[in-house]
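Working notes, beginning with the structure itself.
There are 4 protein chains.
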Amino acid sequence: MRIGIIGGSGYTGVELLRLLCVRNDVEVVFISSRAHAGKAVTEQFPSLRGHIDLTFSDPDKIGETPCDLVFFATPNGTAMHQALALLDKGVKVIDLSADFRIKDVAVWEQWYAQEHASVALIEKAVYGLPELFRDQIREAELVANPGCYPTAVQLGFLPLLEAGIVDSQSLIADVKSGISGAGRGASVPTLMAEASDSFKAYGVAGHRHLPEIEQGLALMSASPVSLTFTPHLLPIIRGIHATLYARLTAEVDLQAMFEKRFKDEPFVDVLPEGSHPETRSVKGTNMCRIAVHRPQNRQTAVILVVEDNLVKGAAGQAIQNMNLMLGLAETTGLQQPALMP
Amino acid sequence: MRIGIIGGSGYTGVELLRLLCVRNDVEVVFISSRAHAGKAVTEQFPSLRGHIDLTFSDPDKIGETPCDLVFFATPNGTAMHQALALLDKGVKVIDLSADFRIKDVAVWEQWYAQEHASVALIEKAVYGLPELFRDQIREAELVANPGCYPTAVQLGFLPLLEAGIVDSQSLIADVKSGISGAGRGASVPTLMAEASDSFKAYGVAGHRHLPEIEQGLALMSASPVSLTFTPHLLPIIRGIHATLYARLTAEVDLQAMFEKRFKDEPFVDVLPEGSHPETRSVKGTNMCRIAVHRPQNRQTAVILVVEDNLVKGAAGQAIQNMNLMLGLAETTGLQQPALMP
Amino acid sequence: MRIGIIGGSGYTGVELLRLLCVRNDVEVVFISSRAHAGKAVTEQFPSLRGHIDLTFSDPDKIGETPCDLVFFATPNGTAMHQALALLDKGVKVIDLSADFRIKDVAVWEQWYAQEHASVALIEKAVYGLPELFRDQIREAELVANPGCYPTAVQLGFLPLLEAGIVDSQSLIADVKSGISGAGRGASVPTLMAEASDSFKAYGVAGHRHLPEIEQGLALMSASPVSLTFTPHLLPIIRGIHATLYARLTAEVDLQAMFEKRFKDEPFVDVLPEGSHPETRSVKGTNMCRIAVHRPQNRQTAVILVVEDNLVKGAAGQAIQNMNLMLGLAETTGLQQPALMP
Amino acid sequence: MRIGIIGGSGYTGVELLRLLCVRNDVEVVFISSRAHAGKAVTEQFPSLRGHIDLTFSDPDKIGETPCDLVFFATPNGTAMHQALALLDKGVKVIDLSADFRIKDVAVWEQWYAQEHASVALIEKAVYGLPELFRDQIREAELVANPGCYPTAVQLGFLPLLEAGIVDSQSLIADVKSGISGAGRGASVPTLMAEASDSFKAYGVAGHRHLPEIEQGLALMSASPVSLTFTPHLLPIIRGIHATLYARLTAEVDLQAMFEKRFKDEPFVDVLPEGSHPETRSVKGTNMCRIAVHRPQNRQTAVILVVEDNLVKGAAGQAIQNMNLMLGLAETTGLQQPALMP
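Residue numbers (the working numbering), protein chains in the order written: chain W, 1 to 341; chain V, 1 to 341; chain E, 1 to 341; chain A, 1 to 341.
As structure tokens, this is what we get:
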């Protein structure tokens with residue numbers, strides 16, 4: 001299988017390379033970077049020396065390289081201009097950006113502050129959360145890969161909302177993300193001298209992942225959903241930790257419910273009762289680990305979720321989707337244990 | 001004024017030294033460490049070379065050194081055995097541990113898993129949160145210095161609960177603390193190879209600061225209080241960030257209310273609307289910075305609070321209390337700006 | 001092939017597990033930890049959940065479990081007591097500790113401050129640096145796996161000393177190690193609050209790796225060797241960076257010499273001229289990357305070497321040796337690219 | 001005394017503010033930032049809220065604000081255009097950039113790749129290392145404040161070269177700097193996701209501080225000097241650690257020599273024999289701590305030097321110079337102990 005990557009100089013692009021370059025069943029044949037076109041990939045990323053022999057191409061050259069599947073690891077607003085041409089040639093597409101995640105065009109345009117360039121494709125796109133849409137993904141031509149925060153938050157609330165045992169109107173997600181989630185662009189706030197040895201919330205008034213998460217939660221819930229979503233910037237490189245709060249409206253064995261819901265999921269691990277998952281326990285892997293708490297046996301459930309924002313929150317989940325779309329075993333290439341310590 | 005410190009080899013002890021050693025109006029004349037007795041303080045703490053010329057003493061020698069005021073920077077369960085003898089001699093006492101914080105002895109004994117050795121002093125002790133008990137602190141002989149988490153959480157909820165404009169039964173405090181909060185004892189989970197570049201919650205089932213915080217919140221609130229409190233371990237050295245959630249039950253101008261409540265407080269800084277305080281903005285200082293949000297104009301208020309856990313959360317607040325107890329200007333020795341970057 | 005690991009609760013032990021658990025050609029059948037005997041490995045190391053189903057055993061039980069090869073990932077002074085019994089049963093042994101690294105017993109006993117318990121085995125042991133002793137390792141029954149610092153320093157000086165083009169009596173190795181090199185034992189100096197956001201040298205007066213390195217360098221050099229070795233503690237988890245200085249005594253093309261010397265080595269990568277290798281470029285991998293400089297075209301060569309102290313500096317090199325000893329392809333299981341970022 | 005700061009939005013500028021804003025004897029009356037002109041300083045730096053009430057001005061407005069002394073905390077190549085006008089008005093000037101540090105114009109122009117705009121002032125400028133040029137600084141109108149690396153390296157080699165007891169032609173300085181040394185400009189290599197949890201050398205072929213250091217060392221030495229200088233990037237915010245190597249040519253008591261040379265220096269602290277200074281022991285302070293070693297009693301002296309690159313390596317030393325130039329006590333405002341932990 002021949003794979004292309006548009007947008008190969010950011011963290012999700014190089015993470016796709018890291019995960020794909022050791023495989024024999026697929027081959028990355030194209031990778032683009034407008035800034036580095038013509039240069040060896042290993043010049044930018046010496047960690048890949050000996051693993052890959054590609055040169056960055058101009059993204060416009062994708063049409064000249066036959067591919068079975070193309071990933072967009074581009075900023076928001078790029079894939080919506082280029083996806084159609086590829087789909088028309090029979091190339092499958094996975095977009096890691098936000099272009100096709102939100103079904104309501106008006107909502108998308110409000111939060112992303114631009115006109116959508118490919119409205120017809122929005123409906124066609126399948127939301128790439130395999131735990132919810134595995135069958136549709138297998139048949140999809142275009143997959144909208146979920147955001148990093150939305151993956152963690154949706155997986156954590158999923159059993160509670162499907163079961164209808166919480167007040168879906170007062171959900172709270174207090175979520176902390178490692179700094180690679182901010183991307184590889186030069187900026188003052190993400191300098192090491194600014195962001196390390198410190199911690200802050202950001203985007204409390206409104207973050208683009210809020211509508212994406214609420215759209216997903218609404219699909220799981222019989223009753224209307226309202227979420228308070230507070231993202232924070234963690235001084236770690238990789239990892240998201242979501243601390244989720246929901247008011248219980250019924251008495252159930254939460255631990256058993258979570259274990260049952262995810263028992264066949266290869267990339268969701270429900271920890272034993274009383275656990276506190278660490279982000280490092282999934283560093284570099286596609287695993288999402290969840291712990292379920294009900295402090296003081298009061299009415300608030302506290303769900304702890306960790307994932308690697310660049311893997312299950314981005315490139316790993318995209319490859320999980322690729323495996324499904326190409327008819328390969330879903331877990332192929334995604335089974336290395338975490339780097340610890 | 002002559003000052004003694006019992007327990008001088010931990011982080012709160014050495015922080016007291018750092019803040020006191022540059023002052024002319026008070027002098028540290030005694031500092032104890034059972035393990036290092038007889039050794040120069042600067043051997044353990046070379047950062048104090050040139051600033052202090054003390055030798056660690058055995059804690060039992062405190063009786064031989066006349067002091068006006070003694071700090072206990074000891075583990076829980078120590079001050080309750082030694083405070084009475086000092087008070088009887090007319091020495092004022094500030095306990096940085098938890099021994100005198102909780103008024104209900106049974107609750108204290110349950111959470112701290114030991115019998116209380118000095119029940120009579122509990123009532124006598126004044127809770128050292130100046131923003132609430134300034135006048136009593138001025139007159140106090142024994143001050144129970146608040147915990148690091150309780151300081152941040154109580155200050156953040158204070159205006160909301162005093163005004164009675166939130167549902168006091170569904171309060172949530174999602175709090176993140178730097179690793180110095182875990183103390184200076186050797187332990188595997190706080191090794192750098194374990195705790196850095198990672199993040200986790202802990203004590204979700206129940207943390208000792210929960211009853212202390214609920215006791216404080218109850219005093220502010222006309223209606224009963226219930227709090228979900230989730231502590232997390234941040235990979236930073238100093239700093240606490242509390243993200244507080246409360247359901248609004250009335251329409252008020254939150255920003256104006258917070259600004260008014262704290263306008264005369266020297267160590268509480270309400271940031272402009274839309275702000276996101278960073279822990280580093282208070283690193284090394286006694287300042288607590290607060291930002292007030294109401295995301296999407298929905299019904300949940302989100303209050304962001306930062307403090308340095310070793311200063312406003314421990315040694316700095318203790319010195320603020322000392323200043324009050326000794327009739328000095330409250331802010332003396334606590335006005336250095338934060339170290340940034 | 002059946003593999004045993006003595007000492008499975010430290011960082012080198014769990015790193016062996018991480019690298020071996022995904023392989024089909026070898027199986028870890030025994031892992032010991034006196035402290036955790038009887039408990040599941042994944043309780044200590046949740047990152048291995050789903051990858052391994054072993055329980056820690058008492059180390060004394062190794063005799064009851066048939067193995068083809070046993071790793072000692074134990075503190076110094078343990079393997080020398082247990083290796084002989086295994087060897088006598090035909091089990092191959094790789095010792096990751098220092099017990100069999102130094103050929104001169106008196107030197108070993110001086111630096112390790114104990115009597116050597118198995119002098120006869122010292123001569124039998126092959127020093128496990130494949131770039132120097134590949135053929136002997138293939139035939140070895142007992143391999144002394146090199147220390148982390150010695151691997152980096154020896155590989156960096158190797159071409160210079162073999163060629164005899166530097167003053168071998170004034171060598172300098174200024175080496176910086178990540179904190180995992182200090183092990184997983186609880187201690188104050190390696191706490192995150194002590195070691196992060198700081199940097200220091202240690203052991204400047206004399207470090208145990210000095211005699212090991214000088215022994216190795218002497219074997220490469222026709223003239224006597226003297227090394228100044230300064231280890232430093234880096235506030236990173238994994239990684240060693242050696243900065244090596246040598247006075248040139250002849251004019252040669254250093255870059256070409258290094259490239260030629262290592263061109264067939266699977267785990268030594270000589271970077272293009274002018275490069276500065278980053279420790280992260282080898283994070284989690286068995287690769288050693290080297291850059292060669294001659295600043296200002298003066299007489300001092302500056303060689304930069306990076307490795308992951310837990311992989312090429314410990315567990316990875318041990319597995320490279322295992323592959324050789326068991327007749328497997330040398331690079332098996334060691335070909336994942338580094339985790340970046 | 002009225003103080004101006006040109007270039008107030010970088011790390012040295014804000015560090016000047018942090019150190020000056022608590023003083024009563026001097027007042028910062030002007031601070032410039034072209035990008036933030038018209039905005040409150042505390043908007044950029046909330047850590048200074050409550051400490052300073054200034055607004056950033058356009059740098060060209062400095063002429064309109066009477067000042068006794070002006071600091072240039074600007075990029076290289078700025079002060080040389082603006083200093084003369086200020087000096088002509090009788091304003092004293094301290095330049096924290098490199099414009100006036102190197103006496104040989106040709107050398108400066110080669111390393112800084114531009115024509116020097118104010119050659120006449122170079123000779124007039126006094127090099128602001130008080131340990132060498134205290135008397136000249138007292139009389140100076142223009143001080144060239146030393147670079148961060150040059151301060152540490154020169155202070156460490158000073159007693160050895162003055163005494164003429166080392167081979168001055170084979171000096172080596174292996175120096176590691178915290179990332180704030182790279183400044184506050186947005187750039188990919190200094191992003192936290194790139195620079196944290198990693199380590200590398202840089203500029204090995206030639207760094208601009210090499211000629212500055214060699215110029216200084218030559219002044220101390222009776223014989224010609226040649227230095228190999230290797231800078232490295234440390235994943236810490238503040239701090240420089242210099243590890244210096246020199247071949248001894250005479251037998252002396254190094255410890256005694258260093259203690260004697262610096263015994264009257266307020267900001268150089270020679271540690272007891274066998275010490276290993278940590279960068280954190282000087283975090284936020286103007287202190288330089290030095291330890292002296294002679295490993296294995298061989299012929300190489302190893303000198304360990306730590307300083308805070310933003311204080312003794314920049315703003316603190318500049319204020320030390322300011323105190324001297326204004327006839328104030330040299331240590332005024334520079335006596336806070338380090339932030340620890």
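Ideal Cβ positions, reconstructed from N, Cα and C, are used throughout, including at glycine. Bear in mind that the values here come from a model prediction, so they are computed numbers and not experimental data.
- Identification of residues in the stretch 171-190 of chain E having a C-beta nearer than 7 Å to some C-beta of chain V yields Ile-179, Ser-180, Arg-184, Ala-186, Ser-187, Val-188 and Thr-190, given in sequence order.
- Counting C-beta atoms within 10 angstroms of its own C-beta, Gln-82 of chain W has 16 or more neighbours from the protein chains shown and is therefore classed as buried.
- For Val-28 of chain A, the enclosing beta strand (DSSP E) begins and ends at 27-31.
- Spanning the alpha carbons of Ser-168 of chain E and Lys-312 of chain A requires a straight line of approximately 37 Å.
- For Val-204 of chain W, the nearest CB of chain V lies under 8 Å from its own CB, placing it at the interface with that chain.
- Judged by DSSP secondary structure, Gly-4 of chain A falls within the beta strand (DSSP E) whose first and last residues are 2-6.
- Val-91 of chain W and Thr-285 of chain W have their alpha carbons spaced roughly 27 Å apart.
- Taking a 10 Å sphere around the C-beta of Ala-250 of chain W, we find fewer than 16 other C-beta atoms and assign the residue as exposed.
- Counting only Cβ-Cβ distances below 9 Å, Asp-197 of chain E has contacts in chain V at Ile-236 and Ile-237, in chain order.
- Met-192 of chain W belongs to the set of residues whose beta carbon lies under 8 Å from a beta carbon in chain A.
- For Ser-57 of chain A, the beta-bridge partners assigned by DSSP are A:Ser-32.
- Listed along chain V are Ala-193 and Glu-194, each with a C-beta nearer than 8 Å to that of Pro-341 of chain W.
- The beta-carbon distance between Ser-177 of chain A and Tyr-149 of chain A, rounded to whole angstroms, is 7 Å. This is short enough to meet the 8 Å contact definition.
- Comparing C-alpha distances from Ala-152 of chain A to each of A:Asp-58, A:Leu-244, A:Val-292 and A:Ala-329 shows the shortest one belongs to A:Leu-244.
- Following the DSSP letters along the chain, one finds Cys-288 of chain E inside the beta strand (DSSP E) bounded by residues 288-293.
- At least one CB atom of chain V sits nearer than 8 Å to the CB of Lys-200 of chain W.
- The shortest CA-to-CA distance from Leu-17 of chain E to any of E:Glu-109, E:Ala-315 and E:Met-340 is the one to E:Ala-315.
- In the structure shown, the three-state DSSP call for Ser-168 of chain A is coil.
- Against chain E, a Cβ distance below 9 Å from Leu-304 of chain A picks out Lys-200, Ala-201, Val-204 and Thr-230.
- In the structure shown, His-232 of chain A falls within a strand segment according to DSSP collapsed to helix, strand and coil.
- Residues are counted here when their Cβ sits less than 7 Å from a Cβ of chain E; for the stretch 19-48 of chain W these are Cys-21, Val-22, Phe-45, Pro-46, Ser-47 and Leu-48, given in chain order.
- Put simply, the stretch 283-303 of chain A touches the stretch 227-235 of chain E. At least three CB pairs are less than 8 Å apart.
- Judged by beta-carbon spacing, Ile-5 of chain W lies within the 8 Å limit of Gly-13 of chain W, meaning their Cβ atoms are closer than that value.
- Where Lys-312 of chain A is concerned, there is no enclosing beta strand (DSSP E), because DSSP gives it neither an H nor an E.
- In chain order, Pro-266, Asp-269, Met-287, Gln-335 and Pro-337 make up the part of chain E whose C-beta sits under 9 Å from the C-beta of Gly-50 of chain W.
- No Cβ-Cβ contact shorter than 8 Å links Glu-131 of chain W with Leu-161 of chain W.
- Taking the Cα positions, Ile-237 of chain V is about 34 Å away from Ala-291 of chain E.
- Pairing Arg-247 of chain W with Val-166 of chain W gives a Cβ-Cβ distance under 8 Å.
- For Lys-103 of chain W, there is no enclosing alpha helix (DSSP H), as DSSP gives it neither H nor E.
- Not a single CB atom of chain W sits nearer than 8 Å to the CB of Thr-332 of chain V.
- In its chain, beyond the 5 residues on either side, Pro-146 have a beta carbon closer than 6 Å to the beta carbon of Leu-129 of chain A.
- Contact check between the stretch 132-143 of chain E and the stretch 184-200 of chain E: fewer than three CB pairs, one atom from each, fall below 8 Å, which does not count as touching.
- For the stretch 292-325 of chain W, the set of residues with a beta-carbon nearer than 7 Å to any beta-carbon of chain V comprises His-293, Pro-295, Gln-296, Arg-298, Thr-300, Val-302 and Leu-304, in chain order.
- Interface flag for Pro-272 of chain V against chain W is unset, since no Cβ pair is found closer than 8 Å.
- Contiguous beta strand (DSSP E) elements confined to the stretch 103-176 of chain A occur at 142-144, taking only those with 3 or more residues.
- Shown here, Phe-258 of chain W sits in a helix according to DSSP, grouped into three states.
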